[in-house]
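> Dropping the structure in here first, questions after.
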Amino acid sequence: RKALEIRPLHYWCLTGMGTCHYELGEKEKAMECWKAALQVCPSMPGAQTKLDEAEVNEIIDQHLRPRMDRLINAFGDGEPQLELAGSSHWDVHRIRMDQEKFPGVWAYFFRLSLRRPAGCSSLKSRARFYVLKGSDGKVFPFTRPTIGNASFSLKPGEEYKFCWCLVVGRELQRIVAGQLMETEDAAGASGAAGEFHHEELPMLFPTGAPEIELSDAERLGPGDGYTFTGHLDLWTMAGF
């Protein structure tokens with residue numbers, strides 16, 4: 727704050743001040759700071775990233791969180807009822823782990839194929855979610871904003887294929903997931919009306935999934951046209 731009193735248009739300080747406001751729950755003030763930083767320096771990557779993350783988190787809270795809560799509650803009562811569009815699919819493989827070296831660790835390899843039927847509008851990815859249920863009954867939900875390099879668009883008739891690895895500290899019994907997309911106009915910008923499209927994917931049952939070696943993931947993923955998006959270690963990061 728003192729630095730901004732001396733140099734009110736210092737874009738690094740504006741970005742930092744925006745982060746402070748955001749951590750305090752002052753989202754509107756945070757976005758004002760980041761937008762001010764971008765007005766001074768439009769190529770400021772930190773401010774644009776923070777602004778994108780904040781906007782996507784708002785969208786997640788409004789459009790994805792209620793769906794996740796419904797599925798989480800349904801897991802406690804039995805099998806959740808999914809709203810399937812039928813145009814996309816995914817599968818899972820168990821990665822063989824040495825239980826002597828990694829006791830109690832389970833690894834899974836996912837492949838997702840998202841399709842946009844012909845005759846529909848173009849869509850831009852905004853976020854996706856997963857809800858995991860372990861064999862011990864514990865449920866773990868999480869979201870993945872699709873911004874920056876993780877963002878993609880689907881035009882009518884197109885398909886986007888990606889794969890990733892998950893590491894957890896328990897065997898998984900059930901998994902559900904969903905994708906949130908936003909309408910794009912012909913120029914590739916988000917629709918002015920902010921029209922969002924949801925798609926939930928079929929439930930997976932990892933206990934009966936085929937088992938593979940880690941080396942097989944290269945053949946099943948990138949070797950088969952899937953973009954590898956990385957590893958997620960929930961065992962280390964979140965204790966799940």
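Residue numbering for the sequence shown follows this note's numbering, beginning at 727 and increasing consecutively.
Backbone N, C-alpha and C define an ideal beta-carbon position, used for all residues, glycine too.
#1: Would you list, in sequence order, the uninterrupted beta strand (DSSP E) runs of no fewer than 3 residues that lie entirely inside the stretch 846 to 908?
#2: Exposed or buried, which one is residue 776 when buried takes at least 16 other CB atoms within 10 Å?
#3: In the DSSP assignment, what residue or residues form a beta bridge with residue 833?
#4: If I measure Cβ to Cβ from residue 898 and keep anything under 8 Å in the same chain, skipping five residues before and after, which residues do I get?
#5: Cβ of residue 902 within 8 Å of Cβ of residue 885?
#6: Would residue 960 and residue 865 qualify as a contact pair, given that the criterion is a beta-carbon distance under 8 Å?
#7: Can you name, in chain order, every residue of its own chain whose Cβ lies under 6 Å from the Cβ of residue 741, other than the five neighbours on each side?
#8: Can you list, in chain order, the residues of its chain whose CB lies under 8 Å from that of residue 816, leaving out five sequence neighbours each side?
#9: Residue 778 lies in the alpha helix (DSSP H); which residues open and close that run?
#10: Go through the stretch 938 to 965 residue by residue and report every complete run of the beta strand (DSSP E) that reaches 3 residues or more, in order.
#11: Taking buried to mean at least 16 other C-beta atoms within 10 Å of its own C-beta, is residue 940 buried or exposed?
#12: Who are the near neighbours of residue 760 in its chain, counting only those whose CB is closer than 7 Å to its CB and skipping five residues on each side?
#13: To the nearest angstrom, how far is the alpha carbon of residue 793 from that of residue 923?
#14: Sort 769, 766, 754 and 786 by Cα distance to residue 852 and report the nearest one.
#15: Using DSSP with H/G/I as helix, E/B as strand and the rest coil, what is residue 922?
#16: In terms of alpha-carbon separation, which member of 819, 750 and 779 lies closest to residue 937?
#17: Which value, in whole angstroms, describes the spacing of the CA atoms of residue 788 and residue 871?
#18: Would you mind reading off the limits of the alpha helix (DSSP H) that contains residue 759?
#19: Please check the pair residue 850 and residue 779, which I expect to be a contact at CB under 8 Å, by giving their CB distance rounded to whole angstroms.
#20: Are residue 883 and residue 842 close, meaning C-beta to C-beta below 8 Å?
Reading from the atomic positions:
#1: 849 to 860, 865 to 871 and 885 to 894
#2: buried
#3: 821 and 893
#4: 832, 834, 858, 859, 860, 861, 932 and 933
#5: no
#6: no
#7: 763, 772 and 773
#8: 836, 837, 838, 839, 903, 927, 928 and 930
#9: 771 to 785
#10: 953 to 959
#11: exposed
#12: 741, 744, 773, 776 and 777
#13: 13 Å
#14: 786
#15: strand
#16: 819
#17: 13 Å
#18: 753 to 766
#19: 16 Å between Cβ atoms; not a contact.
#20: yes
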